[in-house]
Structures are given as C-alpha cells and as structure tokens.
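In what follows, a single structure is set out as structure tokens and then discussed.
Pasting the structure below:
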C-alpha cells in the first residue's frame, strides 16, 4: 500500500452555505496501480489529486502516505515527502519558459542533494529514455505540445518517484500525441511506477487498471 | 544552484528588456547619486583630517558680550601668545601666533608674484605637520627665513632645490629659503597657503604691528592664535583655565565687554563655525546632514522602484514559482533565488553607477568646488561598496522575494491567479512615499532659488559697474595717492580713484568707544569704521541722502564723519547732520548720511558704519574705469602707471562685481545641487510610476475591454485609469506640504535677510507633480484605452 485516504472532507464556506469539494473520500492506492479518476467538471477530480499530491490541504479525515500520517505532518515535512516520492505532470505542461529542456528536467534534482555529475547522468538518462537528446538545448516554446509534455514527464520521472500524479496529461494534445503519451504511461506502469491520472476520456481511462468516478466530491463507484 | 539562479535571472532580464532598462537605469541613477553624495560627505567629514594633530589643534577665540549679546571673535591681541606659552605652558605643546592669511609679494631676481601667505611662529610647521620636501620643521626658527609650498618653489626655481636661496618679501625684506612643503590638501582650512614667513617679520614690516608689540597692547585684536593642546590635557580643561586671560590683562575700560577665551577645536573649523549667544551653533554640518539624507532618500526611491517593478512582474513569475514548488523547492530556496536575482541586478546597477560617477566626477567637482578623486585604490571604498550593494539588494529585493515566494502552487498553476488588492495598496503606498520625497525636494529647490534671487536683487548702495579694487600690499604705495590719481585720470583710463581701509566687499575693522549726546551710558558701541580718501563717494557712487560728501575745500573734513543709514538708526540720531560724535579723544562732526552699502553678507543686515578721512590708514585702491574705453586698454594703462610709481609689485586687481558675486557661491552651490537632486528624484519616481501604471493597465485589460464593448469612450477610459494615480499624488502633496514648509522655514531662518515662503511655491510644486503624473500615466492609459477589445477579451 502506497497511500490511503480515510473519510477525507474538504469544503469552502460561501454565503453561509458549506460547499463540499471532497465529501467523505475513502481511497487506497497500492504499489504498481494505474488509477484513472473521472468525473464531470467541478466534481473534485483535480482537488483530490492536489490533496493526494499534498499541494492542497483538507478539512477533515486521515491521509497516510507510506506509513506517514500526512494530516499530522508539518508543512515542511510534507514538502519533503512529496519532493521525495511524487512527480507531477500537468495538462498545460508547466515547463519553465526561461529554461532549456535539459535545465527543466534538471530542476527537481537541484532541490535534492545530488552532485552535479550525478545530475548530469540522471538527466542524460532521461533524455535518452525519451529520445529527446537532440532537443536538450531548445526552449519550451520551440517544441510541439507533445514534445513539451514528454519533457514534463521526463522532469516528473527524473528523481525516480514512487508515484506520478498526472492532471489531464493529454488535455492539450491532439489524438496522436495523446495516444503516444498514454502508451508511455502504460510502459512506465509496467516498469513499476504507480500512476494516478485525472482524465475526461474513457479511452485514456482504459489504460489504467482501475477507474474512480467522482461526482460533487463523492466517489460514486469504486 | 546559484548558477541556476543567475542563469534564469539573466534570461529573465534579457526577456523583459524594457522592464530591465527601467529597473537597472533607475537603480544605477539612484546609486550614482548616493555614491557622489557619499564621496562628498566623506570629503566634508574628513576636512582638515590630514593634519596629524587633528584632535589636538584648536584656534583660540574670544566671546565678547555687548548690550546683552554675545559675539565671537577670531582676532586675538599680540601678547596673548607669549602669555599662554609662559603661564600655561604645561597645557600646550605648541602656541603659534599668526597673521590673518593674505596676499604678499614674493620676489626672486626679476620675478614678482602676489601670493597667499602668513606670518607665523616657528611651531607652525610641526603643529600642522606639513609634509616637508626640503628642509624640516625647524625651518622657521631663523627669523629671516621663508618656507615655500611646492607649487611656489616650482614657480620660482623649477625642479631645483631652493634651500639657501635669498628671496624678497614685499620688496623690503630679504629672506632665506629654509624649507619646501608639499601643497596643503584641498580639503583643509589652510589650503592655498603659498608661503610662510616667521612671525618676527610681521612687526618688522608693519609699524602698527610693531606698535602693538612694543606697547604690549592687550586691547588691539588683530591676529590669529593656533594651539596644540598637550597630550595630557583636554580642550575642556584648558578652556576652563584660560577663560579669563584676556580679561585679567585688560585695563578697566576693556573689561566692559567681558572677553572670554574659548578653544575652537580643529574638527569644528570647517563644519561647525557658526556661533550664537555663547555656544557653537553648528554650521556647514547641516548641509552634510541634509545632502546625506537626500542621498538616502534618492536610494530609497530607486529601491521602491525596484520593489514596484518586481512585484508588478509577479504574474509572469508566478507560474515559475508554482512549478518550482511542485518539483520540490522550499519557500526558503525561492527567497534565496529572488534575493540572488536582486543582488545580480543591484550589482549590475552598481557597476553602471560607478561608471557614471567616474564620468561625472570632474563636472561634480566643479559644481561642488571640490577636488574629489574617485577612490579606485581604496580598500575601504570597495568594502563599503560591497556592504552598500548587499544592503541595497536586501532593501530592494526582500519584499519581492517574500511576496513571490509565498505563492501557492495550486492557485498559480490553475491559471486563475490574480494579485490581491493588498499588494496593490502596498505598491500605491510606495508611490506616495516616492512622490512625497520628490515634492519636498521640488519645494525646497524653488525656495532656495527664490532666496538666491531675493538676496541678489537686494540694493547694494553703490555702483559696481567698471569698478576695480587693488590691495596695497606694500608700503611702496604710501604718500603717492595724489600723483597716481592725477596721472590715472589724465590718462583717460580712469574716471575717479579712491582709497579705503576696508575693501568694498568686506568690513575689516569695527571699533567701540563712540559717544554722542543722549547716548545711554550703558550702551556699549560697536561700529564698523572705514577710513577713506576724499574721492571715495564719487568713485563708488554712493547715495547721499542727507548732508554732503567729503570735500577738500573744508579743512575740517579731516575729522568729519559720514554715517550710513544703519548707523543713524543704531545711534538713534534724529537729525544726524551737524551732530557731534566723540571718539578716540576727538570730536567728529557728522556731515552727511549715505544709503547702506552692502559690504558683508547679502543675507544679513548692513553693519552700522562710519566713514572718515584717514589716508595713512588705507589698504585698498578703488578705481572707476572709463566706461567709454575698452576695459583691456584701461587696465593696461593702469598697470603701466602703477608699475612706474610702485615698481616690482604685480598688478593684481579684482572687479568688484566678481568679488561680490563670490558671496553667493555657497548658496548658489546649494541651489544647483538641490535642483539636480530634485530632477533626479522626480525622474526616478516617474520611472516607478510608469512601471506601476503599465502593470495596472495590464491587470485591467479585461475590464477595459468590457467597458469599451459596452460603449466607454477613450477619454473616459483615460480618465478612469489616470484618476487613481492623481489621487495618490495628491495624497503625496498633502503629506509633503507641511514637511516641506517646516524644512524650508528652518533653512530660511539661517538668513536674516530672507524671502518669504509663499503659497504659490506649494501650488506650483503640486500642479507640477500632477502634470508630470498625468504625462507619465497617460502613455499607458491611452495604450490600453485604444486597444481593440476583441483582443483583450480573447486573452482570457
């Protein structure tokens, strides 16, 4: 078991009413799973992903990640935890425009204690693995969307996380590019990386081993 | 890691060139001003400090109390030096009597030069620790010696060693060169002292000095006295002991003014030489403080710009912050990143500033009358610079760093990120601060300008057109008045000639002991006296308001007085002409009253003055050049005639209007400096305003688009966007007005003769500030207002 959510509630107060973003979420993820989260707009998919990624907090409930009680941890420890074990992939890629492909992939390593030669080796490994060695000195704006997302995934993977959180990774891509990215995820999952993705598309969800449907912050089926 | 920070910082700077230019430009301008002011302040604070005995040197001064008012005097009586040496020897390492420095003629073979010089006791060389190139500090022990400055030695002897040469002082005395000292530094009180001759020669050369010496005159104050306090003594303790030395030695009549000695330490000579009612009342130090403060404010303005522009960029940087946080950066690491970024910017700005200062140095030196050299080789300077750069980057960078690093990734990455209202209001507050400072500087500048104008337009009481003055530096002039005058007038070069004891632009002597009918017996008089020739009034063109001028047809005029209006008022005379005034055991009849002649400070009331005929007592020649002839030809005729009658005296003249204009030099300098600072302050503030305006315009693009779609005109949009800024500047004006009023009133109080602070000064500054704001903001406002709304709305 990699993580477990127990009775997670998250709400906002608006004009005297309490609106639940997450409503009593119970959810366990085991190592090696490839989970797809689906649901209509505003159902809480991204919120759930952010809570899992520890980028966002919650109001009530228990969250255990690799035997650590996230709800009891201080901000700093939490940051260390996700820094160590989680890689993020975004719909809009979110590469740093001022950095080259190489430097973008290197960024997470800068915040960990890796020597410069180690970093070089790890980044080179990634470039190799995704076949983008020739593009390493280009800036994000010089790449196609699919290539940018490739770099985004490479960056998420470079520090060998246990878990990849992907928020509509193919949302901004055409179908061919989207297909390639999903194939890549499948391959990564086969190699043992745990993946949770948020998606609108049944077809993409089908790549996963399990699908969760959300509606109004509630898990409708599991 | 640092490398990565700098890399991204550089790429960001290059990417946003306009922003970088404004940011670095404003910052370097601010830093350049701070550097210049810093160097200037340092130069002022180290004034006189290159004398080794700086902490122990003092000039002996005297308080005198007349009619309840205490006034300070620099002039001491002849016997005081010996008295202190003999009776208070253990308190002093050196006691050095000295003449007031003035021009004397120095000759060698055929060459004559009129040079600034002093008659000083032999301790002078060691007390001021002069840097001897030839000879040593004993140079003045020989009573017929002379010690030259390096420049003078070069002027006479080139690179040759001049020791042992015989020179001539004032065409009378043969002296032996016994030393050469390196020129005294520019930022010292003694600067420009060309040669020193022994004190003994003073009484040899001048009968009035000899009389004071022979008669042990304690009541004639005409000399300076420098002392070096002994290592074991303090100025305060010495003050206590020597306080009454003059008083105790004076006869009864002299004690009325309660003379009281006080030491004026060297560290106060330059910066604190104002005195008021028995205490030192500061002096130039207030300008050191003032400009120091202005420097800091200009830096603050530049830093505020930096903060404003950096936070305005925040939306562009927000995404980066979000990404960095999700891939594992801590807040602390981001703060570091942004601080190193601002350090980089400040460092670049500092480099630019150093170049600017280096280029501006000669110009600034001229403006401030300094000889500051850029201290490239000074380790201290570079250490201070590193501290300066670090502090500036922290001051400018910490707010943006804290602000940017606090972004939550969830928010900024979702794309719904908008900067909050609170940061905008903080930025608005910064703009208010900037404009408050600028408006204060503008008001101050206008008031200084007004004061200069006011004092320059003050009536001077005589006509200075084509009027020149020549100091009679030697006794060779004596008894030749009529011959020279006739010949000059006959030559047609000169319309009229006169002589006087004080120059037209100064008061050289004041006297007491005047008595007249109805005078309050307790009133102790002090009146300026000017001994003149019969033709003085005609030459200078004074303005007779009552009675008549001196005339050779009345033999009795040799004892007559002409008063100025201030003297009439001072004495309280109703009908002055014909009244008798007793003075110096003689009776003097007032024959005329003239309008006040402005001789001393143009900011102070004219001194009560008595003019009398006394040819032997005169020191100056005044010549009214013929206005029909060219000045050059007149001057050469004058030179020819003078050199015929007084040979071997260099023709050294000054135009009275030039000398008069020097009285405004200090205040003119302040005017120029404050004008420049005010202009830069406004410029820097406008840069900041421009940045903020572009930011807010960008932020409101969508709102403007919607307004335009529903029918707003360009004018109404311009109004909408400009209104907020005008409000801010109005607020700044409201804050600035009382502060500026307080400041300028305090400054004007330095001057007795001063302009008033009119309401229009504030009005003009306020309107000007609003005008400049509108100009700056309109560019951005119009740019947004004319944008096609389809564009701005599609961007959402």
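Protein chains in written order, with my numbering: chain G, -4 to 217; chain X, 20 to 815. Every residue, glycine too, gets a C-beta built ideally from N, C-alpha and C. It should be emphasised that the depicted structure is a prediction, and the values quoted were computed from it without experimental measurement.
Item                                                                                                                                                                                        : Value
Taking Cβ to Cβ, would you say residue 614 of chain X is nearer than 7 Å to residue 511 of chain X?                                                                                         : no
Taking beta-carbon pairs under 7 Å, can you tell me which members of the segment 347 to 358 of chain X lie near chain G?                                                                    : 347, 348, 349, 352
Got a sec? Which residues, its chain only, sit under 8 Å from residue 2 of chain G by beta carbon, not counting five neighbours each side?                                                  : 19, 20, 21, 55, 56, 57
When DSSP labels each residue in this structure, what does residue 206 of chain G get in the three-state scheme?                                                                            : strand
Could you pull out every residue in the same chain whose Cβ sits closer than 8 Å to the Cβ of residue 387 of chain X, ignoring the five residues on either side in sequence?                : 59, 688, 692
Could you please give me the residues that DSSP links to residue 824 of chain X through a beta bridge?                                                                                      : Beyond the ends of chain X as shown, which are 20 and 815, falls residue 824 of chain X; an answer cannot be given.
If you run the structure through DSSP and keep just helix, strand and coil, what is residue 212 of chain G?                                                                                 : coil
Pull up the distance between the alpha-carbon of residue 94 of chain G and that of residue 172 of chain G, whole angstroms please.                                                          : 23 Å
Alpha carbon to alpha carbon, how far is residue 597 of chain X from residue 567 of chain X? Give it in angstroms, no decimals.                                                             : 11 Å
Who are the neighbours of residue 119 of chain G on chain X, taking C-beta pairs under 8 Å?                                                                                                 : Neighbours of residue 119 of chain G on chain X: none; closest Cβ ~17 Å, over 8 Å.
If we require 3 or more residues per run, which beta strand (DSSP E) segments fall completely within the segment 28 to 100 of chain G?                                                      : 29 to 33, 55 to 60, 81 to 84
Where residue 486 of chain X and residue 308 of chain X are concerned, what is the direct C-alpha to C-alpha distance, given to the nearest angstrom?                                       : 39 Å
How long is the line joining the alpha carbons of residue 206 of chain G and residue 341 of chain X, rounded to whole angstroms?                                                            : 28 Å
When DSSP labels each residue in this structure, what does residue 217 of chain X get in the three-state scheme?                                                                            : strand
Please return the same chain residues whose Cβ sits closer than 6 Å to the Cβ of residue 101 of chain G, not counting the five positions on each side in sequence.                          : 114, 118
Where in the segment 175 to 243 of chain X do unbroken runs of the alpha helix (DSSP H), each at least 4 residues long, occur, reported from the N-terminal end onward?                     : 219 to 224, 226 to 233
Less than 7 Å between the beta carbons of residue 361 of chain X and residue 412 of chain X, yes or no?                                                                                     : yes
Short of 8 Å in beta carbon distance, which residues of its chain neighbour residue 576 of chain X, apart from the five on each side in sequence? Order them along the chain.               : 553, 569, 570, 610, 632
Our contact map puts residue 643 of chain X next to residue 515 of chain X with C-beta atoms below 8 Å; I'd like the distance itself, whole angstroms only.                                 : 5 Å
Please classify residue 814 of chain X: does DSSP put it in a helix, a strand, or coil?                                                                                                     : At residue 814 of chain X, the pLDDT of 47 sits below 50, so the modelled position is not reliable; the number obtained from the coordinates is stated separately. Residue 814 of chain X: coil per DSSP, three-state reduction.
In terms of residues, what are the limits of the beta strand (DSSP E) holding residue 630 of chain X?                                                                                       : 628 to 632
Under a three-way DSSP split, which group does residue 185 of chain G fall into?                                                                                                            : helix
On the DSSP bridge assignment, give the partners of residue 80 of chain X in chain order.                                                                                                   : X:281
Below 7 Å between beta carbons: does that hold for residue 154 of chain X and residue 197 of chain X?                                                                                       : yes
List the whole-angstrom C-beta distance separating residue 703 of chain X from residue 324 of chain X, where the pair is believed to meet the contact cut-off of C-beta under 8 Å.          : 6 Å
Residue 737 of chain X and residue 788 of chain X - do their beta-carbons sit closer together than 7 Å?                                                                                     : no
In chain G, which residues lie with their C-beta within 7 Å of the C-beta of residue 342 of chain X?                                                                                        : 89, 91
I'd like the ranges of any beta strand (DSSP E) spanning at least 3 consecutive residues and lying wholly in the segment 619 to 682 of chain X.                                             : 628 to 632, 639 to 644, 672 to 674
Let me check one thing: in DSSP terms, what residues is residue 113 of chain X bridge-paired to?                                                                                            : X:247
Which residue marks the beginning of the alpha helix (DSSP H) containing residue 254 of chain X, and which one marks its end?                                                               : 254 to 261
Work out the CA separation of residue 30 of chain G and residue 200 of chain G for me, nearest whole Å.                                                                                     : 8 Å
Which whole-angstrom value describes the C-beta separation of residue 668 of chain X and residue 193 of chain X, a residue pair presumed to lie in contact below a C-beta threshold of 8 Å? : The pair is not a contact, with the Cβ atoms about 17 Å apart (cut-off 8 Å).
Does residue 10 of chain G come out as helix, strand or coil in the three-state DSSP assignment?                                                                                            : coil
Please classify residue 727 of chain X as buried or exposed, where buried requires at least 16 neighbouring CB atoms within 10 angstroms.                                                   : buried
Apply the 10 Å Cβ neighbour rule to residue 815 of chain X and answer buried if 16 or more other Cβ atoms are within range, or exposed otherwise.                                           : With a pLDDT of only 40 at residue 815 of chain X, under the threshold of 50, the placement of this residue in the model should not be trusted; the figure read from the coordinates follows. With fewer than 16 Cβ atoms within 10 Å of its Cβ, residue 815 of chain X is classed as exposed.
If you measure between the beta carbons of residue 81 of chain X and residue 280 of chain X, is that distance less than 7 Å?                                                                : yes
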